[in-house]
Structures are given as C-alpha cells and as structure tokens.
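A.B. asks: This is the structure I have questions about; it appears just below.
Number of protein chains: 2
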Amino acid sequence: MRRLPLTLLAASLALAAGASSAADKATTIPQSAVKTAEQLRDKAMGDDTGYKIVESLTTEVGPRIAGGPNDQRGRDWAVAKFKELGYDKVYTETVTYPLWERRSEHAAIVGPFPQPLAVIALGYSAGTPKGGLTAEVVKFDSLDALKKADPASVKGKIVFVNAKMARHRDGHDYGIGSAVRTGGPVLASKMGAAAFLLRSAGTDEHSRTPHTGVTGFRDPKEAIPAAALSLPDADQLDRVLGYGKPVSIKLDLDCGITGTYTGANVIGEITGKKYPDQIVPIGGHLDSWDPGTGAIDDGAGVAIAMAAGKMILSLPQRPDRTIRVIAFANEEMGLFGGRAYADKHASEVSKHQLGTESDFGARKIWRMTASVKPSARGAIEQIAKVIEPVGVAYDPQHPGGGGSDLSQMHAKGMAALTLTQDGTDYFDYHHTANDTLDKIDPRELAQNVAVYAAFSYMAAQADGDFGSAPDAFKNDGARD
Amino acid sequence: MRRLPLTLLAASLALAAGASSAADKATTIPQSAVKTAEQLRDKAMGDDTGYKIVESLTTEVGPRIAGGPNDQRGRDWAVAKFKELGYDKVYTETVTYPLWERRSEHAAIVGPFPQPLAVIALGYSAGTPKGGLTAEVVKFDSLDALKKADPASVKGKIVFVNAKMARHRDGHDYGIGSAVRTGGPVLASKMGAAAFLLRSAGTDEHSRTPHTGVTGFRDPKEAIPAAALSLPDADQLDRVLGYGKPVSIKLDLDCGITGTYTGANVIGEITGKKYPDQIVPIGGHLDSWDPGTGAIDDGAGVAIAMAAGKMILSLPQRPDRTIRVIAFANEEMGLFGGRAYADKHASEVSKHQLGTESDFGARKIWRMTASVKPSARGAIEQIAKVIEPVGVAYDPQHPGGGGSDLSQMHAKGMAALTLTQDGTDYFDYHHTANDTLDKIDPRELAQNVAVYAAFSYMAAQADGDFGSAPDAFKNDGARD
Chain A
1 MRRLPLTLLA
11 ASLALAAGAS
21 SAADKATTIP
31 QSAVKTAEQL
41 RDKAMGDDTG
51 YKIVESLTTE
61 VGPRIAGGPN
71 DQRGRDWAVA
81 KFKELGYDKV
91 YTETVTYPLW
101 ERRSEHAAIV
111 GPFPQPLAVI
121 ALGYSAGTPK
131 GGLTAEVVKF
141 DSLDALKKAD
151 PASVKGKIVF
161 VNAKMARHRD
171 GHDYGIGSAV
181 RTGGPVLASK
191 MGAAAFLLRS
201 AGTDEHSRTP
211 HTGVTGFRDP
221 KEAIPAAALS
231 LPDADQLDRV
241 LGYGKPVSIK
251 LDLDCGITGT
261 YTGANVIGEI
271 TGKKYPDQIV
281 PIGGHLDSWD
291 PGTGAIDDGA
301 GVAIAMAAGK
311 MILSLPQRPD
321 RTIRVIAFAN
331 EEMGLFGGRA
341 YADKHASEVS
351 KHQLGTESDF
361 GARKIWRMTA
371 SVKPSARGAI
381 EQIAKVIEPV
391 GVAYDPQHPG
401 GGGSDLSQMH
411 AKGMAALTLT
421 QDGTDYFDYH
431 HTANDTLDKI
441 DPRELAQNVA
451 VYAAFSYMAA
461 QADGDFGSAP
471 DAFKNDGARD
Chain B
1 MRRLPLTLLA
11 ASLALAAGAS
21 SAADKATTIP
31 QSAVKTAEQL
41 RDKAMGDDTG
51 YKIVESLTTE
61 VGPRIAGGPN
71 DQRGRDWAVA
81 KFKELGYDKV
91 YTETVTYPLW
101 ERRSEHAAIV
111 GPFPQPLAVI
121 ALGYSAGTPK
131 GGLTAEVVKF
141 DSLDALKKAD
151 PASVKGKIVF
161 VNAKMARHRD
171 GHDYGIGSAV
181 RTGGPVLASK
191 MGAAAFLLRS
201 AGTDEHSRTP
211 HTGVTGFRDP
221 KEAIPAAALS
231 LPDADQLDRV
241 LGYGKPVSIK
251 LDLDCGITGT
261 YTGANVIGEI
271 TGKKYPDQIV
281 PIGGHLDSWD
291 PGTGAIDDGA
301 GVAIAMAAGK
311 MILSLPQRPD
321 RTIRVIAFAN
331 EEMGLFGGRA
341 YADKHASEVS
351 KHQLGTESDF
361 GARKIWRMTA
371 SVKPSARGAI
381 EQIAKVIEPV
391 GVAYDPQHPG
401 GGGSDLSQMH
411 AKGMAALTLT
421 QDGTDYFDYH
431 HTANDTLDKI
441 DPRELAQNVA
451 VYAAFSYMAA
461 QADGDFGSAP
471 DAFKNDGARD
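As structure tokens, then:
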C-alpha cells in the first residue's frame, strides 16, 4: 500500500470538491436496498469466505512478486477463484512493467566489529559488483539531514538513513519511512554514494525481518545498490557507529532489472441487471512483495473484495449496477495495474459510480471518508448508518481517495471512498517475511467483507450517482 | 540452555538428598554478611553494569557459534572485560570440541505449490548433496508418532515432525521441542529417512525466524540433513499437506563437521581472603547460536555473573571465599565447557561451596530451589529472605541443579541452586535471529545481578558449607 498523511489543506479542499453541482437532485439509497445491505452486512460478519480466499491464495500461490515465477500462477488462481465463486464475467487486462529480479542479498559489518546484518534489497535496486562492495558508512537520522549534507561527505560511501517510525492507527508514520525508501536512494545516487541503506520503513523493533519496498529509481542507469536493514540491525549498526570509529560494511546484492514483463489485472464482474455499463469498482492487488506470502499486503484486499462480491452474488437477483472486482497487477513496484486500468478506462470515468480498494491489511475498518458530489452526501450518510454498527465512523471532513490502485481512477474523476483499516501493527509485517496468513484474524477480515458488501451494494442500487466525471475531484487532496 | 521438566520423583529425591549428614552443625550466614548482601542487592537493582556488559559483548563480538570466527574474539573480549572490571585473577582453561560449520541453507516446497520455506540447519546436521535433495514429505505430530511409524513409510522421505510448544513461565514445553530436535533426527536417520525437518522448538507463532539447536548426532556417519522450519512455515507446510496431495520439498544445506577446535572456558576470580581455595562458582556460557547475537542465550548469563562479581569487587574488602565467574565454552553443541570444567575440577568438588549458572534469558528471577545438605537449609532460608524482596520465592520442595554447564559439577557432588528466570517469552527468541540486545530489559537484568551478587556473597561468607562432596547429590533428580 501507499499512504501519505492527509493535510489540513486536503480537508478544506475536500469540502469544496464538486461544489459546482450542489444544485443536483439528491442521490439516495432506496430503503429496500438499505435493508438488503444490512442483511448482507450481518451475514458477512459470520461468514468465512474472505478468510478462505486469502488462505487459498497464500497457501496455493504463496509469494507473488510482480513478474516473478508466481505472477502467472497468481493470475491463474484469480481467474479460477472468480469462476468458482460464480462471478458472471471473468477476464484479464494486460499490464506491462519492468521486470526486477531479486536473486540474493547479504550484508556484514567488516570493521571494527565483524558480524552479519539482516538486509533485504529494495525494488529497482542495482546489484553490487560480483563479490560485493565494501565501503565506509555515513549515517543520517532523516532524509532532510541527507539533503543538507555536503556531497563530498557522501561520495563513495554507503549512506545509512536511520529515520524512525512509530505505530499509529492510521499508519501515518509510513509517510516518513516511505519517503526515505523512495527518495533516499535517488538522492544518495545523485550525491555519488556507493550504496544506500535505510532503517526499514517498519515498526517491529524486535524483529529481524527487514522491510523491502520500492525505491524511486526508474532509470536503471541512475540506480545504485539499495537495501533495508531490520530495525534491530539498524540499532546495532547505530551502536557500532557510536564507538566513533570508521565503520565499513560489505554489501553483496544480486538483483536488478532484466527486461519487461506483461502480466494482467484480473477482473470478475457481477453484471448489473438495470445499468450493466455502470460500475462499482472494488478490489485489492494481486502482487505482493516476495519475502512473505502477501497475506495482509494484499491477499486480504483481494479476498475482501472477492468475498464481498460473493455475498452479493448470493442474493436472489443481481444488483442494478455492475460490481467489478479487480485484482490489480504490480501495485508494489509503481501502481502499474492501477495506472493501466485508469488509462484504459479513462473515458468511462463517469460510468464508475463509486469505488475503493482495500490495501491496508486485514484489521477492522474504523473510518470512512468520501469524495463525492455534495448532493450525494446524503447517500454516503445512508451508507455510514449501515456500517456504523460494525464499528466504522464516518468522517465527513476528509476526502476519500479510492485506495492505492483505484487512486488513479479517482484522479481521473471517479467518486471514491476510503475505508481505513486499523493499521496499528500493519507496519510490523508489511513487506517482510512475516506477512503471512497467521497475521489475519478471520473475524476482523469478515468485518471488512461486511463493509465492502454493504457499501458496494448500496452504491449499485442508488437512485442517482456520486459525482464521477472527468476531473471532478482533482483538487480534493486525497492521497490514496 | 537445556531444561527438562522436574518430576514428582525428583521432588521426593530432593528431600532425601544428603539426609545422612543431618546431624551436622548447621551452616549459617553471619548477620554482618546478610546486611552486606542486602546492600549489594539494593545497589545492584539500580546499577547498569550487567546491561553494559551484555551490550558490549553483543555489539563488539556479535554471534558466537562455537568454533566460528568469533569464538576467539569472544574469549579475547571476556579476558579483557574481566580485567577491565578489576577481577583479581583472569585465566582460561582449554576445551576441545567438534567443529561444525554452517555455510548456507535453503528449502522450498517443489510441489504441489512451489514456494520457499524459512529454514535453519541444526547443529551436527549433515549437508545435502551439492545442488540439494528433493523428496516427499511425511508428517508426524509428535516424536512418539514417529517412533511408532513403519520404517518403510519413512525410508527415502523427508520426515517432518510438527510438535507444538506453548509458553510457560518455567519453559517446560521445551522438553517437547528439544526432545524432537535432539532425538528426532537420530531416529529418522535410523529409519532410513532422507532428511529431517521439525517445527522449530519455539513459541513465536507469528515470526518467520526458525530456531536452530543441537541434534543428537554425535557420529557424523549417522547424520542426515536436519533443519528447523519457522512456526509460520511449519503451519504453511501443514496446510499444504492438508490438500491431500503428495508434497515434495527441496532441501539444500551446506554444513557439516570439518574437524575439531580448541576453545576455552574464560574465568575471572575474586580471590577469597580467608579460604582462597574454596570456590563459589557462578557463570554463563560465552558461545551462542549464530543467527542472533546471543543476547538472552547467553550473553545475559555471562553479564549477570560478571556484574555480580563486580558488585562484590566494589566492597571494601574481598569476601572470605573465592568467587569464580566462568564464561563457559560451547554449551550449545553439547555442554563441552561444562563437562571439561567438571572433568578438570572433579577432585575439587568439595571445595565448590555452592554454585549456579544463569542460562535462561534475562527476565526476572522468580524462584529459587536448592540441593544442599539438610543442615545448610537454614542458610538457604537466609539467602531466600534477602532475595524475596526483589521477587524471588523459595521453593524448598525441588532440587537445584546448578544451570546448564554447572549441572556437570553438580552431578559430581557440588551443592547447587537453581535461580529460575521468567521464561514466558524465552522460546520466542531462543536460538533465532531475534536473540538480540533489544530483548533485554535493563531493569530485569539488574534484578538478576542483585540476586547473584547477594547469594554468592552470602555463600562466600557462610559459617560452614552446603554439603558439596563426591556424589553428594547424585539422586536429587535435578535436571539442570
């Protein structure tokens, strides 16, 4: 997932968004649809379809790095699963992206106190020369400190940025960690550094499972070796540096871009009986980072959306509008699936009723925000009333961004929600070997399915739209 | 550490131990010594010497597998640290052991669902043939189930024992895990298995850090490849097996015995002013397993004993008897340091006043048990009264075993305590990459130092002995 802090600016812009259409006829959800949504919600709360889906994906496919050996297997799984669940239409839309491969990675302090370090290469990292690279370490406590450094102090050295993150329910400190991870390597490269290390963008201070993730490198020519240390290893390196002697590290990364790869977004649809060309898009991303099995990032998101659709499929009749569940390709290395979808469907933005993606783990949803036209706020309040009993508070002050991949469609003008999960421990596991099925509580996952089933059904049955139109929300300040 | 469950039999034997000397003059601790011990205790509770020692060891030396590159560096560190702390006499006693080397390890499910598994080779494991070994997996839920299996069902296969451990304050479920780890590979080898895998002997069900540890292989000719899966990986393999299809694993271990190595126990002494040849031995083991930095196993034990001695060194005068702090060599691969010490000092067992070793982590001591002659029970009660205010309950019903290495001297007849630490989370980290400094709470470590300083000082000042004599406690049932 990507997630950046909301700002006060964002809040004020959100309130202004779509103000020009304030005179529209109010969008409402018919009472019969509200009642059905409540039934869907209650049924989903006691249903384990979502858990079974994520168990199936993480067990049968396992890690799913984009372009890796399980990319095709993941897509095959998704096609088969949509069909097994009874979706009306199952298809794929190709997505092409650079193929970056991880082969091996090792790091060790060479002196003054020789010892191995737990390390993981970052996405688009260059490899080191064969046999590794040894250089002195220069430490910075923040990205800003690196920005202010004299390039001469960095040239030829291994830059180590030791910025810390704390746990928060909305995960906002990931703004710190992801900025270091994406921007740090690019900056270090420009300053002439030999390599880049960061304290993992994570919060598991007792676990030696480093967090991978994408860098800002897009041009392989500018890439240098870039990797993350686990938090205890970052603390250890910091202690070793504290002795005041020069510290050298040997970094041996075998990884790099080897070409391009064509994968696909996998889509399952429940065809709307009244307005089949009007779409309620929900989803998650099918790719994962490779050290874990991608349970919370983002097998859970795929499972929540697939299972929500399954709840709706079990109704006696199809909803008025089409529910489109999208399992996106390659979110992790740069929103490729989301961007491909938005590019392909840009001209249909007005047909996208209201959408959002789940990509922040598997814990309970506690907050809903929305970017919709003012005359649809009443319908959002109707949705809020249905999901409030399962613990979701509606915050009308902030925008909804549609989640990571669907943020791209929101940027085109799609009305969007953000359904924020409890991310307190998300960055303990995210992008690490510990992103595995045991992190998912089936009951918490079921609450997510309940919320997605209820909202997407109500959106599909609404009398009226939520304001989707080209560029309708481009100044709402939503970041995901 | 090794730790096996106490039995009711043990309890009854403990009460009987030394009964023949019941008519001895009672051993007592002079009131002045009790008062000094209370002062030592109170000072140690607010002192960070122990924490600084374990920080120094884990930072400057890091992982310390016996015979590995840091074996010599660890000994050099211990000699220097004893001297820096002001010990009166610092020396080493050589210990020779097989040299087993870990070079690399990989495992993956080949079919039906290809994916890597987090694995670590066990001590004395054989390597696989170069390029790895692929075989079908056959699972057992316990060592007993494997014992009962038809060897034909195991021959040529990879045996997987998936026995579970739960957390307990006294860590008694390690009796399950360590039995599987030591006995399982030997049994599997005898039954003709190609290799052996176990669910790690640990309790960290959410962490993909497998637990290494020693096997029962002593003769390299009987060794087969043997390794541990992390708990989430064991659960994953179990789920994959649950599909009912044949599951094959590729195991690629590069490890094995390459010769013998001569290390040493490193000893620091505070020379007794009245009875310099009478010894109060305390200690920990200097070696560690290699994935972590050996903070809780057993840098903490070394630090507790060294720091307790430092407290006593800071008194205006030396204690009556000698305090001997021993940093044992190679506990992990078969108590080599403890056995060498006991062999070398067997004839001096009666000169060993009362001893114990710390090797169960760094959390607070909550229980004291003792194996002493009946006429020394009063002195033990005096010790108990001094350490009770810092949370230690005296259990007179069970024997004291002296800790892992000193169990060997206890077996020769040395009077011994067991000072049991809270081991609730010990097996979350023990023998894994997560055994690092951040697991140690400086205040809890200080409580250990307080208890060791107080007890060892009182033992050194006692009027009388605790019953050490050849074979004095051989039937007490103590297991550590």
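Protein sequence lines, in the order shown, are assigned to chains A and B.
Under full-length UniProt numbering, think of the first position of the first sequence as 1, with each following residue one higher.
Under full-length UniProt numbering, think of the first position of the second sequence as 1, with each following residue one higher.
Here a beta-carbon is modelled for each residue, glycine too, at the ideal position from N, C-alpha and C.
(1) For a cutoff of 8 Å on Cβ pairs, would you count residue 482(B) as touching chain A?
(2) State the start and end residues of the unbroken beta strand (DSSP E) segment that holds I257(B).
(3) For L85(A), name the three-state secondary structure that DSSP assigns.
(4) Taking only the alpha-carbon atoms, compute the straight-line gap between I29(B) and A462(B) and give it to the nearest angstrom.
(5) Measuring alpha carbon to alpha carbon, tell me which residue in D435(A), G477(A) and V154(A) is nearest V372(A).
(6) Would you check if the distance between the CB atom of G192(A) and the CB atom of V138(A) is smaller than 8 Å?
(7) Any chance you could list the beta strand (DSSP E) runs of at least 3 consecutive residues sitting entirely within the stretch 34–63 of chain B, in chain order?
(8) Can you tell which of E331(B), A26(B), V247(B) and F455(B) has its C-alpha closest to the C-alpha of T96(B)?
(9) Alpha carbon to alpha carbon, how far is V349(B) from A308(B)? Give it in angstroms, no decimals.
(10) What residues in the stretch 427–449 of chain B have a beta carbon less than 7 Å from any beta carbon of chain A?
(11) Taking A300(B) as part of the alpha helix (DSSP H), name the residues at either end of that continuous run.
(12) Could you tell me which residues DSSP pairs with A135(A) in its beta bridges?
(13) With a threshold of 8 Å, are at least 3 pairs of Cβ atoms found where one atom belongs to the stretch 419–428 of chain B and the other to the stretch 150–169 of chain B?
(14) On a CA-only basis, which of A450(A), V266(A) and A228(A) is nearest A329(A)? Give me that one, please.
(15) If we call anything under 8 Å between Cβ atoms a contact, is V110(A) one with S230(A)?
(16) Between F113(B) and chain A, is the shortest Cβ-Cβ distance under 8 Å, so that the two count as touching?
(17) Let's test the definition: count the other Cβ atoms within 10 Å of the Cβ of residue 481(A) and tell me whether it reaches 16, buried, or not, exposed.
(18) Would you tell me roughly how many angstroms separate the C-alpha atoms of I296(A) and I323(B), rounded to the nearest one?
(19) Please check the pair A411(B) and L354(B), which I expect to be a contact at CB under 8 Å, by giving their CB distance rounded to whole angstroms.
(20) Looking only at its own chain, which residues have a Cβ that is under 6 Å from the Cβ of T293(A), when we skip the five neighbours before and after it?
(21) Should D235(B) be flagged as near chain A, meaning a C-beta pair shorter than 8 Å?
(22) What distance in whole Å lies between the Cβ atoms of T27(A) and residue 568(A), which are believed to be in contact at a cut-off of 8 Å?
(23) In the DSSP assignment, what residue or residues form a beta bridge with L197(A)?
(24) Would you mind sorting G334(B) into buried or exposed? The rule is 16 or more other CB atoms within 10 Å of its CB.
(25) Check whether chain B comes within 8 Å of A118(A), counting only Cβ atoms and requiring the distance to be less than that.
(26) To the nearest angstrom, how far is it from the Cα of G123(A) to the Cα of S189(A)?
(27) Roughly how many angstroms separate the alpha carbons of I257(A) and F196(B), rounded to a whole number?
(28) DSSP puts T418(A) in a beta bridge; with which residues?
(29) Could you please give the first and the last residue of the uninterrupted beta strand (DSSP E) stretch that includes Q278(A)?
(30) What residues are listed by DSSP as bridge partners for A460(B)?
(31) Nearest to G156(B) by CA position, among A66(B), S142(B) and A135(B), is which residue?
(32) Residues of the stretch 183–212 of chain A in Cβ contact with chain B at a cutoff of 9 Å, in chain order, please.
(33) Within the 8 Å Cβ cut-off, does P246(B) reach chain A?
(34) Going by DSSP in three states, E332(A) sits in which element: helix, strand or coil?
(35) DSSP beta-bridge partners for I120(A)?
(36) Exposed or buried, R339(A), counting other C-beta atoms within 10 Å across all chains shown (16 or more means buried)?
C.D. replies: Here's the rundown:
(1) As shown, chain B starts at 1 and ends at 480. That puts residue 482(B) outside it, with no answer to give.
(2) S248 to I270
(3) helix
(4) 4 Å
(5) G477(A)
(6) no
(7) none
(8) E331(B)
(9) 22 Å
(10) A433, N434, T436, D438 and K439
(11) A300 to L313
(12) I249(A)
(13) yes
(14) V266(A)
(15) no
(16) yes
(17) Chain A is shown only over 1 to 480; residue 481(A) falls outside these bounds and no answer can be derived.
(18) 54 Å
(19) That pair is no contact at about 15 Å.
(20) T58, G62, P63 and T436
(21) yes
(22) What the structure shows of chain A is the stretch from 1 to 480, and residue 568(A) is not part of that stretch, so it cannot be assessed.
(23) F160(A) and A227(A)
(24) buried
(25) yes
(26) 15 Å
(27) 37 Å
(28) T369(A)
(29) Y275 to H285
(30) Its beta-bridge partners do not exist; DSSP assigns none.
(31) A135(B)
(32) E205, H206, S207, R208 and T209
(33) no
(34) coil
(35) A228(A)
(36) buried
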